[in-house]
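Peer 1:
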Amino acid sequence: MASANNRATAPGPNRSLARSRPRYGEAAVKVLLLAAALVSIATTLGIVAALLEPTIEFFSEVSLGEFFGSTSWGPLFSPPSFGVWPIIVATLEITLIAIIVAIPLGLAAAIYLSEYATPRVRKIFKPVLEVLAGIPTVVFGFFAFSFVTPLLQDILPFSLDPRNALSAGLLVGVMIIPIVASLSEDAMSAVPRSLREGSFALGASKMTTSVSVVLPAAFSGIVAAVILAISRAAGETMIVAIAAGFKSIFTFNPGSEMATMAAFIASAGSGDAPVGSIAYKTIFAVGSLLFIMTFAMNWFSARMVKKYREVYE
Amino acid sequence: MAILSTPRSQVDLVGKGRPLREHLFRIALLSSLAIALIFLALLLAYTLTEGWPRLDSRLWENFPSVRRPETAGVLSGITGTLWIIGLTALMALPTGVLAAIYLEEYADNTRWYNRLIELNIANLAAVPSIVYGILGLGIIARWLDFGFTVMTGAVTISLLVLPIVIISAREAIRAVPPSIREGSLALGATQWQTIYRQVLPASIPGIATGSILALSRAIGEAAPFLMLGAATLVRFNPDGVWSSFTVLPLQIYNLISQSREEFHILAAAAIVVLLAILLLMNSLAIWLRNRYQKRW
Amino acid sequence: MTQPNVTLRGPDVPNTPGSLDPVFTVEDLSVFYGDYEAVRNVDMMIGRREITAMIGPSGCGKSTVLRCFNRMNDLIPGAHIKGKILYHEEDLYGDHVDPIEVRRRIGMVFQKPNPFPKPIYDNVAYGPRVNGIKKNMDSIVEEALQKAALWDEVKDKLKQNALSLSGGQQQRLCIARAIAVKPEVILMDEPCSALDPIATTKIEDLMQELRQEYTILIVTHNMQQAARVSDRTAFFTADVDDAGVRHGRLVEFDQTTRIFTKPSDKRTEDYITGRFG
Amino acid sequence: MTQPNVTLRGPDVPNTPGSLDPVFTVEDLSVFYGDYEAVRNVDMMIGRREITAMIGPSGCGKSTVLRCFNRMNDLIPGAHIKGKILYHEEDLYGDHVDPIEVRRRIGMVFQKPNPFPKPIYDNVAYGPRVNGIKKNMDSIVEEALQKAALWDEVKDKLKQNALSLSGGQQQRLCIARAIAVKPEVILMDEPCSALDPIATTKIEDLMQELRQEYTILIVTHNMQQAARVSDRTAFFTADVDDAGVRHGRLVEFDQTTRIFTKPSDKRTEDYITGRFG
Amino acid sequence: GGGDTATPADPGTEATGGAESAPAALAGEIKIDGSSTVAPLIQVAAEIFGEEQPQVKLAVGTSGTGGGFEKFCAGETAIANASRPIKDEEKAACTAKGINFGELRVATDALTVVVPKENTWATCLTVDQLKKIWEPGAEGKITSWDQVDAKFPKEPLKLFGPGTDSGTFEYFTEEINGEKNVSRKDYSPSEDDNVIVQGVAGAKGGLGYFGYTYYEENMDKLTAVQVDSGAGCVGPSAQSAQDGTYTPLSRPLFIYPNLAELKKPEVTAFVDYLVANIATIAKDAKFITLNPEQEAKLKTDSASLKTQAG
Ligand SMILES: Nc1ncnc2c1ncn2[C@@H]1O[C@H](COP(=O)(O)OP(=O)(O)OP(=O)(O)O)[C@@H](O)[C@H]1O
Ligand SMILES: Nc1ncnc2c1ncn2[C@@H]1O[C@H](COP(=O)(O)OP(=O)(O)OP(=O)(O)O)[C@@H](O)[C@H]1O
Ligand SMILES: [Mg+2]
Ligand SMILES: [Mg+2]
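Chains as they are written, first to last, in my numbering: chain H, 40 to 352; chain L, 36 to 331; chain G, 43 to 319; chain R, 43 to 319; chain A, 36 to 345.
Right, dumping it as structure tokens:
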């Protein structure tokens with residue numbers, strides 16, 4: 040049969056299909072790539088390692104009961120108190136204000152960009168949102184403290200502390216608008232055109248189509264966007280450090296100064312708590328709590344996405 | 036059936052009063068977007084007017100000073116930021132791109148460890164930056180004994196932006212149609228040849244865009260540096276990776292904390308510089324995206 | 043010419059050209075995407091309670107023309123028409139005409155089944171609801187599903203997500219969804235091309251039934267399908283003008299039997315006999 | 043039965059079953075995606091310097107089988123085969139076999155033209171380059187483009203990006219690209235379905251020429267095309283087993299003339315005559 | 036730099052003319068960290084010294100007194116700034132790491148209790164009144180000025196102070212409340228003196244405390260409250276702090292050089308420079324200068340440190 044092969048350069052059909060030369064490079068590359076991917080695992084392990092030991096030591100000195108059972112927070116006061124609720128409440132309150140601002144505005148902006156805007160308009164506005172997303176949080180903090188708070192103090196009927204949860208929350212909200220808007224827009228754009236056409240073909244208006252077909256179909260993506268935004272808000276440090284302050288009292292009053300978990304870590308971490316002191320370990324205990332909260336939210340988000348993702352694909 | 040009873044010649048195709056609600060909805064959507072934009076404009080206008088008196092070359096030629104707020108600058112912050120960003124680009128970008136290639140091109144999603152890596156990256160993207168500060172403090176500065184140096188800052192920030200780089204690089208790689216890969220493999224190219232010669236070149240604009248956006252996040256970070264105790268008054272430029280340093284956002288934070296009004300003006304001016312750098316980077320990203328956007 | 047291998051609908055085809063009772067009258071229609079004239083100078087008529095098939099090679103503008111009938115093309119930025127489409131005696135593109143109302147009267151079924159990711163019930167109820175109907179929803183839904191020959195298969199799982207249905211069931215659901223708003227006309231753009239042969243047969247049978255009540259326009263790639271189901275066939279093709287631009291064009295429009303046995307145009311014959319396409 | 047309306051290749055078809063000189067011998071091949079057995083028990087032979095067409099309704103596994111011939115399915119996680127494919131006398135799935143070497147010997151052209159976003163020249167040179175060839179690249183490129191009947195159209199713009207070519211030119215470029223590595227076999231998966239009629243005709247003519255030197259396997263939806271170009275035809279269909287799972291199956295494999303005139307299986311006849319599919 | 040036109044108070048000129056003119060071009064990096072109260076003084080010194088020795092890189096951090104000692108005892112810094120003397124635990128940590136150090140008192144601080152200009156009633160508060168305001172028991176209870184003293188108006192009390200991690204807080208609580216770090220928690224703590232200034236100035240009933248420097252910088256907005264520790268009302272001033280009449284809120288400020296680091300010429304040069312020019316530096320930084328005896332002690336202490344370091 041080989042004789043039938045009249046093309047000199049062509050491989051003879053009887054030449055073996057076995058590998059002509061070994062390819063160690065391919066395997067080496069794969070190992071290198073895997074190593075790069077494992078850096079992320081190492082990062083998580085590093086975070087856990089950094090947090091774990093001081094946290095365990097902390098809880099050998101402070102009972103979980105005191106940590107979660109009391110509303111008095113003052114690890115650096117004497118006598119120290121370790122009821123974590125004031126800073127959790129502050130964190131949740133600021134996060135709540137932030138998402139009250141960011142979810143409607145972000146979602147509305149996303150619907151506009153995905154369903155209404157012409158490609159040209161979208162091409163202009165998406166980058167602008169990206170710019171907003173890139174603004175350093177110190178800048179938001181500065182703006183909140185020196186512009187928004189005085190402004191609110193003038194126009195609001197109730198009194199505001201010079202640093203307060205309200206303006207910090209508002210600004211954290213503005214900070215996460217681009218996250219909500221941009222990721223939700225991605226999710227909505229990923230909804231197949233055919234679904235929209237199906238709705239229009241039934242005589243639905245644009246508003247109905249957007250609200251009752253596109254939004255639900257993009258639900259998992261939107262949930263993921265919102266959860267990412269929430270974790271950003273909950274962990275935001277600079278805005279709250281500058282604009283919400285460090286007062287750790289148990290209050291729900293948004294006009295009051297309050298310390299979030301991140302703000303506590305920042306102030307105690309840059310302060311003088313000696314290594315090994317209980318105050319120092321507190322930083323890590325709060326850090327662990329923050330990390331676990333983020334982790335839990337993301338796990339939930341991943342499950343949501345998995346449950347609903349692309350069922351219509 | 037309704038339609039059948041309609042006299043044929045008088046089918047009325049005129050709509051019934053929908054438009055008002057539709058218009059209001061549209062206006063509501065637009066104003067939401069507008070609020071975000073107005074806010075941006077307000078912020079820019081405010082910092083610009085605040086910082087205007089100090090927006091001159093002293094800002095980037097002089098070191099910070101506690102004695103002479105009128106002439107103090109933020110030079111060491113600018114150079115520190117450049118050092119950190121440069122090193123971050125060197126460390127985070129290659130690692131991120133390689134990891135993204137692994138996840139997109141090699142990882143078998145049915146394997147638990149690959150799914151774990153993915154979930155882990157999504158989670159890391161959401162971990163607060165202050166927690167990275169703890170990582171930097173506990174592991175990099177103390178355990179690895181890198182001290183409070185440029186290197187510690189850069190490694191910490193690299194780890195912070197790594198998930199963002201990976202996620203955006205994956206998107207860019209995913210945007211390369213599978214048909215290109217199949218075409219290459221069908222010609223007897225190995226997998227790495229296919230990646231190196233087809234997938235990477237085609238996704239480079241996307242990777243670059245994502246990288247720039249990730250780096251602009253890195254530029255604005257201050258919280259991890261608070262934990263790393265970067266010095267507040269640094270009157271020199273870092274001369275190597277083991278040097279002390281400060282970064283612009285941290286300097287801004289410190290300036291805001293000063294009680295003298297002159298320092299606030301200086302802070303606003305420094306913010307304008309920081310925003311200008313960011314706008315520049317963003318414009319570059321947008322330009323890249325528009326210039327190289329592929330239509331397959 | 044070779045005898046085409048198509049199984050034509052039997053001699054029971056009732057319509058003769060003379061008996062055409064037009065729902066749509068298309069007069070010198072050209073359709074543009076921006077500056078590009080995708081389809082040129084189409085004249086045709088769609089008969090009441092008939093199935094009209096549109097066939098032709100890919101890219102000749104079948105979908106483009108079909109989507110003009112319910113103003114779906116309005117949604118594509120830059121798309122516009124020249125010429126006229128009369129719906130009964132009314133200009134479909136007249137100033138006072140509300141496209142949303144048009145789409146309510148003229149339903150559409152798409153190539154790939156596109157149920158909403160919602161319960162089966164809500165899929166069917168969607169159309170009536172957006173049209174402001176609130177009462178008797180259960181019976182509207184049941185009736186539509188009955189007509190779409192899907193009721194028996196889904197009556198026990200109306201709350202189930204529509205995406206859990208098979209492809210053929212999904213497509214019938216889409217037909218039910220279209221029927222539920224009680225349109226006069228149903229447009230179908232390659233409704234079976236994503237389906238397996240068994241599902242295809244079901245949809246074709248269904249079309250024959252729907253033909254008792256509705257006017258149907260179908261675009262199909264599958265010549266056999268056109269021959270099997272339609273009363274009239276419009277054959278489109280694309281030709282290249284002097285400037286090298288391709289434009290779609292209606293070549294021949296006639297009773298299906300005639301198109302498949304005695305096409306009057308050489309291009310139709312070539313296409314039918316597989317010499318081209 | 044109705045006379046099928048296909049224009050068969052004339053009496054010059056040289057091959058008779060006896061003269062089949064097999065390049066591939068497929069023995070009891072089943073293909074799995076994970077646990078799902080997409081195709082079951084296929085036996086067939088691919089003759090040297092013949093064009094073998096694979097036809098059948100959508101989802102019957104034509105592409106799946108085709109992609110086994112150059113081990114393209116290896117790239118899909120979970121995909122694996124049972125049974126054997128012999129390439130000449132060698133087991134294509136043998137332990138020592140390097141899939142990359144296999145793909146170099148057995149080229150492939152895809153449904154949608156997929157040129158690399160690079161200059162035309164680099165597209166053609168890509169295959170030789172990744173195979174370590176560095177010399178005489180210009181003449182290799184020219185020869186491949188000549189054989190793909192594209193040289194005259196592109197010889198003045200070899201540096202131009204391949205994406206600027208028309209669809210038909212792109213597909214011929216993909217064929218040139220495949221030829222440039224001097225394969226023995228070319229697999230084509232619906233190579234014309236994204237093309238217009240004129241481009242289709244060009245590709246079909248090209249296939250006839252390539253047949254002088256190469257063994258060609260083509261999957262097509264278009265019966266007419268199969269009839270026009272192929273020497274042998276394999277007709278696949280899918281049937282549902284007792285558990286309700288669909289499996290692809292080879293129904294009939296024979297000379298094209300025979301398949302289109304005297305199919306031995308009722309299902310083939312139904313499909314050919316348009317009664318189904 | 037922009038500061039070419041030296042102000043008359045610029046000690047830089049003085050130093051060049053001084054006896055110990057700095058040796059030619061030194062280089063190296065000096066890391067200093069610790070109390071944010073002491074930081075401005077050291078920063079000013081670093082700034083002026085840096086103008087003479089541009090190759091010497093001085094990084095001044097403000098991790099707080101405790102944080103400063105932590106890094107110092109880990110060998111990460113050359114000098115620790117402190118607004119209180121080093122504690123025994125901290126000494127032990129240093130010894131464990133083999134770090135020997137000396138103590139230099141470089142300035143005096145007068146913790147200043149401030150109220151806004153509109154406050155006309157609280158010109159003088161007794162230590163007991165301050166305690167009444169700041170003790171833990173006051174938390175949530177003492178919320179109005181009239182609860183402090185019936186003569187005061189019924190103005191809501193808004194409290195500001197330094198963060199719990201600062202030496203200032205530690206000192207103030209010890210002197211006023213009798214024990215370190217014992218304080219009510221419902222005040223606005225801040226590392227950031229600006230917030231205290233803004234906060235106090237912005238609320239009619241505001242009250243806060245911080246280092247004297249910050250008061251000096253904001254005299255236009257704030258009034259310093261006189262403190263009565265039993266010997267009559269005394270206001271904070273350089274005079275009263277130096278002569279010890281401003282009790283109990285005047286305190287010494289320290290730096291702790293690492294003796295091993297002192298072997299490095301640039302570190303010695305910096306400490307020498309600081310010691311030699313302490314009066315002008317303190318003035319420039321708006322600190323209360325040492326009185327002559329204290330300054331003399333500083334000079335002898337630093338000389339003996341140098342011999343210890345060898
Ligand atoms: N949105 C659009 N913008 C610009 N051109 C378009 C658009 N949609 C279709 N076209 C062009 O109009 C022509 C007709 O397209 P159309 O989709 O109507 O063809 P078709 O006959 O339905 O083809 P097929 O059988 O492949 O569905 C084609 O040349 C196509 O490229
Ligand atoms: N990657 C895959 N994973 C799982 N199942 C697959 C995969 N690819 C194809 N299948 C399934 O295998 C069966 C055969 O698919 P295949 O693509 O081979 O059909 P085909 O005959 O080429 O159809 P078409 O004419 O539509 O291209 C189908 O049921 C399909 O859903
Ligand atoms: Mg179409
Ligand atoms: Mg296929």
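The beta carbon of each residue, even a glycine, is placed where N, CA and C say it ideally should be.
Is it buried or exposed for A/L61, if we count other Cβ within 10 angstroms and need 16 for buried?
Peer 2: buried
Peer 1: Looking at ligand 2, does it come within less than 7 Å of H/A280, judged from the CB to the closest heavy atom?
Peer 2: no
Peer 1: Output, in sequence order along the chain, the residues in the segment 231-250 of chain A whose CB is closer than 7 Å to any CB in chain L.
Peer 2: V232, Y249
Peer 1: For L/G168, does the three-state DSSP call read helix, strand or coil?
Peer 2: It is helical.
Peer 1: State buried or exposed for L/L77, treating a residue as buried only when at least 16 other CB atoms are found within 10 Å of its CB.
Peer 2: exposed
Peer 1: Does the distance between the C-beta of G/V107 and the nearest non-hydrogen atom of ligand 3 fall short of 7 Å?
Peer 2: Relative to the non-hydrogen atoms of ligand 3, the Cβ of G/V107 never comes closer than 7 Å to any of them.
Peer 1: Report the neighbours of G/S100 on chain R: residues whose CB is nearer than 9 Å to its CB, in chain order.
Peer 2: S235, A236, L237, D238, P239
Peer 1: Shorter than 8 Å from the beta carbon of G/E143 to some beta carbon of chain H?
Peer 2: yes
Peer 1: Kindly list, in the order they appear in chain G, the residues whose Cβ is closer than 9 Å to that of L/L55.
Peer 2: Within 9 Å Cβ-Cβ: nothing; L/L55 doesn't reach chain G, min ~14 Å.
Peer 1: What residue range does the beta strand (DSSP E) around H/F182 cover?
Peer 2: Where H/F182 is concerned, there is no enclosing beta strand (DSSP E), although the alpha helix (DSSP H) it sits in stretches over 176-182.
Peer 1: Distance, Cα to Cα, H/S120 vs A/G172?
Peer 2: Taking the straight line joining both Cα atoms gives about 14 Å.
Peer 1: Among L/A221, L/I208, L/L235, L/S246, whose alpha-carbon lies nearest the alpha-carbon of L/V200?
Peer 2: L/S246
Peer 1: What is the C-beta distance between G/E92 and G/D273, in whole angstroms, given that I count them as a contact (C-beta under 8 Å)?
Peer 2: 4 Å
Peer 1: Sorry if obvious, but does the Cβ on G/C110 come closer than 7 Å to a heavy atom of ligand 1?
Peer 2: Not under cutoff, so the answer is no.
Peer 1: List, in chain order, every chain G residue whose beta-carbon is nearer than 7 Å to that of H/V252.
Peer 2: Going along chain G in sequence order, the residues near H/V252 (Cβ under 7 Å) are F158.
Peer 1: Relative to ligand 4, is the shortest distance from any of its heavy atoms to the C-beta of R/K104 smaller than 7 Å?
Peer 2: Under cutoff, so the answer is yes.
Peer 1: Who are the neighbours of H/G260 on chain G, taking C-beta pairs under 9 Å?
Peer 2: Per Cβ cutoff of 9 Å: no residues; H/G260 is ~12 Å from chain G at best.
Peer 1: Return the chain-ordered ranges of every beta strand (DSSP E) run that is complete within the segment 95-145 of chain G and spans a minimum of 3 residues.
Peer 2: 121-129
Peer 1: Please list the partners that A/P128 has in chain L, where partner means a Cβ-to-Cβ separation under 8 Å.
Peer 2: Note that residue 128 of chain A corresponds to Ala in the displayed sequence, not to Pro. Residues of chain L passing the Cβ test: none, with the nearest at roughly 14 Å.
Peer 1: Any C-beta of chain A within less than 8 Å: which residues of the segment 190-204 of chain H qualify?
Peer 2: D200, P201, R202
Peer 1: Measuring straight from C-alpha to C-alpha, what distance separates L/Y288 and A/E214?
Peer 2: 32 Å
Peer 1: How do the segment 233-241 of chain G and the segment 187-201 of chain G stand: do at least 3 beta-carbon pairs fall below 8 Å, yes or no?
Peer 2: no
Peer 1: On the premise that H/E100 lies in contact with H/G122, defined as a C-beta separation below 8 Å, what is that separation, rounded to the nearest angstrom?
Peer 2: Between H/G122 and H/E100, the beta carbon gap of about 15 Å keeps them out of contact (Cβ cut-off 8 Å).
Peer 1: Identify every run of the alpha helix (DSSP H) within the segment 107-185 of chain L, keeping only runs that are complete inside it and at least 4 residues long; order them along the chain.
Peer 2: Taking only runs of at least 4 residues, the alpha helix (DSSP H) segments lying wholly in the segment 107-185 of chain L are 110-136, 147-161, 164-170.
Peer 1: List, from N- to C-terminal side, the alpha helix (DSSP H) runs of 4 residues or more that fit wholly inside the segment 285-336 of chain H.
Peer 2: 300-308
Peer 1: Between the segment 301-314 of chain R and the segment 250-264 of chain G, do three or more beta carbon pairs fall short of 8 Å?
Peer 2: Touching, no, given that fewer than three Cβ pairs across the two stretches are closer than 8 Å.
Peer 1: Taking only three categories from DSSP, how would you classify A/A57?
Peer 2: The pLDDT assigned to A/A57 is 47, lower than 50, so where the model puts this residue is not dependable; a value taken from the coordinates is nonetheless given after this. In the structure shown, A/A57 sits in coil (DSSP, three-state: anything other than H, G, I, E or B).
Peer 1: Tell me whether the beta-carbon of G/G149 lies closer than 8 Å to the beta-carbon of H/A243.
Peer 2: no
Peer 1: Rounded to whole angstroms, what is the Cα-Cα separation between A/N326 and A/K239?
Peer 2: Their backbone Cα atoms lie some 36 Å apart in a straight line.
Peer 1: Which residues of chain L have a Cβ atom closer than 7 Å to the Cβ of R/L117, listed in chain order?
Peer 2: L220
Peer 1: Would the beta-carbon of G/D231 be found less than 7 Å away from any heavy atom of ligand 3?
Peer 2: yes
Peer 1: Between the Cα of H/E96 and those of H/S327, H/M343, H/R202, spot the shortest distance and give me the residue it belongs to.
Peer 2: H/S327
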